[in-house]
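Heads up, the thing below is written out as structure tokens.
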Amino acid sequence: MNTASQNLAHHLGVLREKLLHATDYEQALYYFLEEFAGDAKFIQQCQPEEALHLLATLTHVAGEALGQKATLEQSRVLRLAEFGFTHGNAAVAGRVVLFFYFEALNTGIMALIPGARGGTEVARFRLTGGLAGNPKHN
């Protein structure tokens, strides 16, 4: 548990595979929480990131999940540049948003806790076209 920093390439590979699962991609969220979220060494290796393109997408996804316009607040975005991996959290409508995103896949997961119907709502999202690349990294 919380050992991702001991072998980042391996754990990010496992996380990537879980994210890409056709139907059971929610397992990626649980793996992230188990292996990455409490790993202080992992967090220390990440750099703060603005990621406006990603935050715009998360705002849209959160709004869809809530069935109303949403505004992300208190966002914290961190990037592990070596692996093209971004993760973070925010608040929206009194709820917590957790997310991670793989640049090479243009795909990520957002969890809304609690969800609009209670529990946790998990959404897989994909950035396409102009949203896929962070202009800051061109």
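The numbering of the sequence shown is the working numbering, which starts it at 365 and goes up by one.
Glycine is no exception: its CB is placed at the ideal position from the N, C-alpha and C atoms.
This structure is a prediction, so every number in the text was calculated from the model and none was measured.
Could you tell me whether the segment 473–489 touches the segment 410–427, where touching means 3 or more Cβ pairs closer than 8 Å? yes
Quick check on this structure: which residue in G482, N470, F463, A429 has the alpha carbon closest to the alpha carbon of A392? For the residues G482, N470, F463, A429, the minimum Cα distance to A392 belongs to F463.
Where does D388 land, buried or exposed, given buried means 16+ other C-beta within 10 angstroms? exposed
Look at the Cβ atom of F406, then the Cβ atom of A457, and state whether they are nearer than 8 Å. no
May I ask which residues mark the beginning and end of the beta strand (DSSP E) holding Q438? 437–444
N-terminal and C-terminal residue of the beta strand (DSSP E) that E399 is part of: In the DSSP assignment, E399 falls outside any beta strand (DSSP E) and within the unbroken alpha helix (DSSP H) covering 390–399.
According to the neighbour-count rule (16 or more other Cβ atoms, all chains shown, within 10 Å of its Cβ), is E399 buried or exposed? buried
In this structure, does DSSP put N502 in helix, strand or coil? Any reading at N502 needs caution, since the residue's pLDDT is 41, under 50, leaving its predicted position unreliable; the model's value is listed next. Correct three-state label for N502: coil.
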